[in-house]
DNA sequence: GCTCTGACGATTT
DNA sequence: GAAATCGCCAGAG
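Residue numbers (my numbering): 730 to 831.
This is the structure:
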């Protein structure tokens, strides 16, 4: 049962291009709820399909990859495979994808 | 309807 | 600079 919040979050994730990542904070802002990072993160973790929703492209604001349903290692491997520059489980802020204000 | 938990963030010590 | 604490919103029991 997908809630409205999840629909918003997942839809935004689909806008993230390959080789680029976003943070839970930016994602929260994208859904117009910058303080609801906890709820947004929970929504991402509850995604039913890891294919239609690139949840592995969501990282923490600190650059840490954070958690992942398939395992943190798997997440890092996938991101690296897509061209994301990960160093010691961390990602440079320059690789953060900022959602369009539109 | 109230309480607890959660793939987090920012601030303070 | 790193570790610990408090705060935040939404969903589930």
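In this text, a Cβ means the ideal position worked out from N, Cα and C, and glycines have one as well.
In the pairwise beta carbon analysis, the stretch 759-767 is classified as not touching the stretch 776-788: fewer than three pairs are separated by under 8 Å. At a Cβ-Cβ threshold of 8 Å, residue 820 and residue 782 do not count as neighbours. By the neighbour-count definition (other C-beta atoms within 10 Å, threshold 16), residue 735 is a buried residue. DSSP places residue 788 in the strand class (E or B) of the three-state scheme.
If the five residues before and after residue 752 are omitted, its C-beta is found closer than 8 Å to the C-beta atoms of 787, 788, 789, 790, 825, all from its own chain and listed in chain order. When rounded, the separation of the alpha-carbon atoms in residue 733 and residue 804 is 25 Å. Residue burial annotation: residue 823 is exposed, with fewer than 16 other C-beta atoms found within 10 angstroms of its C-beta.
Sequence-distant partners of residue 754 (beyond 5 residues in either direction) whose C-beta falls short of 6 Å from its own C-beta, in its chain, are 766, 790.
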